[in-house]
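Quick mapping for you: the protein sequence lines, in order, are chains A and B. Going by our numbering, the first residue of the first sequence is number 7, and it counts up by one from there. Going by our numbering, the first residue of the second sequence is number 7, and it counts up by one from there. By construction, the Cβ of each residue, glycine as well, lies at the ideal position given by its N, Cα and C atoms. Small disclaimer: the values here were computed from a predicted structure and weren't measured. Inspection log for the structure reproduced underneath, given as structure tokens.
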Amino acid sequence: GAGVSQSPSNKVTEKGKDVELRCDPISGHTALYWYRQSLGQGLEFLIYFQGNSAPDKSGLPSDRFSAERTGGSVSTLTIQRTQQEDSAVYLCASRSSGSYEQYFGPGTRLTVT
Amino acid sequence: GQQVMQIPQYQHVQEGEDFTTYCNSSTTLSNIQWYKQRPGGHPVFLIQLVKSGEVKKQKRLTFQFGEAKKNSSLHITATQTTDVGTYFCADSMYQAGTALIFGKGTTLSVSS
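Set out below in structure tokens:
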């Protein structure tokens, strides 16, 4: 079946602009995660959605970052007033309720100039 | 906060040689997951270890979880060029459901 999809695959934006990154999880997966991967670094947890519960935002680096998940499916990560240090690959992952395995999407490479 | 340290950061081997990456934590790990990320790709789940002293094998890959649940290792026997990539260990964060704390990974290169 279809895996996790993300769009756009690449995004170049100017410093100070807002960007929206989209994630389509695997159908039926109740848990959705956003991670950030900077060049040569590991993955940094950003935010977690589980069903209809309030999201865990403990990993968001600043109030410029926000995310929502509509209808328990598609999620959008928004970065306002982008800064150069926001440049990274943003990865989305989903997980079914009966499993611990996370399935990652291909990521969105964000470059802030 | 929770931290997972991984060594080495880079490893180059000749095809056919063995390879091991180590994952260490100063605190007890709840469980450990291992992921592989090919160059230009996204992380792909390999395995989860839960029990103290657990050992699991997948073909040429052997995963171990330490008795004190503070370390783990991934050993690849007789590496192949298809093993190239970055191997990450990850601990779960109970306070964030099953979000993962990743180590910085070990990047393996293999020459034939």
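Given this structure, state the Cα-to-Cα distance separating residue i from residue j, to the nearest angstrom.
| i | j | result |
| --- | --- | --- |
| glutamine 56 of chain A | glycine 72 of chain B | 31 angstroms |
| tyrosine 16 of chain B | glycine 77 of chain A | 42 angstroms |
| threonine 36 of chain A | lysine 17 of chain A | 27 angstroms |
| isoleucine 85 of chain A | valine 61 of chain B | 42 angstroms |
| glycine 22 of chain A | phenylalanine 51 of chain A | 23 angstroms |
| serine 11 of chain A | leucine 49 of chain A | 18 angstroms |
| aspartate 89 of chain B | threonine 26 of chain B | 12 angstroms |
| glutamate 21 of chain B | lysine 65 of chain B | 16 angstroms |
| threonine 82 of chain A | isoleucine 53 of chain A | 11 angstroms |
| serine 44 of chain A | lysine 63 of chain B | 31 angstroms |
Determine which residues share a DSSP beta bridge with residue i and list them.
| i | result |
| --- | --- |
| asparagine 30 of chain B | B:Met11 and B:Asn77 |
| tyrosine 16 of chain B | B:Thr113 |
| leucine 97 of chain A | A:Tyr41 |
| leucine 52 of chain B | DSSP, once it has assigned bridges, lists no residue as partnering leucine 52 of chain B. |
| lysine 63 of chain B | B:Thr68 |
Which residues of chain A have a Cβ atom closer than 9 angstroms to the Cβ of residue i, listed in chain order?
| i | result |
| --- | --- |
| leucine 106 of chain B | Tyr39, Tyr41, Leu49, Phe51, Ala99 and Gln108 |
| glycine 109 of chain B | Gly48 |
| glutamine 54 of chain B | Tyr106 and Glu107 |
Within 10 angstroms of the Cβ of residue i, are there 16 or more other Cβ atoms? Answer buried if so, exposed if not.
| i | result |
| --- | --- |
| threonine 112 of chain B | buried |
| histidine 48 of chain B | buried |
| threonine 119 of chain A | exposed |
| glutamine 43 of chain B | buried |
| arginine 87 of chain A | exposed |
So with CB distances below 8 angstroms, who are the chain A contacts of residue i?
| i | result |
| --- | --- |
| glycine 22 of chain B | Result: empty, since nearest Cβ-Cβ is about 27 angstroms, beyond 8 angstroms. |
| phenylalanine 94 of chain B | Gly48 and Leu49 |
| phenylalanine 51 of chain B | Glu107, Gln108 and Tyr109 |
Give me the chain A residues within the contact set of residue i, using Cβ-Cβ distance strictly less than 7 angstroms, ordered along the chain.
| i | result |
| --- | --- |
| isoleucine 48 of chain B | Inspection of the sequence shows that residue 48 of chain B is occupied by histidine rather than by isoleucine. Correct list: Leu97, Phe110, Gly111, Pro112 and Gly113. |
Quick one: which residues of the region 86-104 of chain A get their C-beta closer than 9 angstroms to a C-beta of chain B? List them in chain order. Listed in sequence order: Val95, Leu97, Ala99 and Arg101.
Please list, in chain order, the residues of the region 15-40 of chain A that have any C-beta partner in chain B closer than 9 angstroms. Listed by position, the residues of the region 15-40 of chain A near chain B (Cβ gap below 9 angstroms) are Ala37 and Tyr39.
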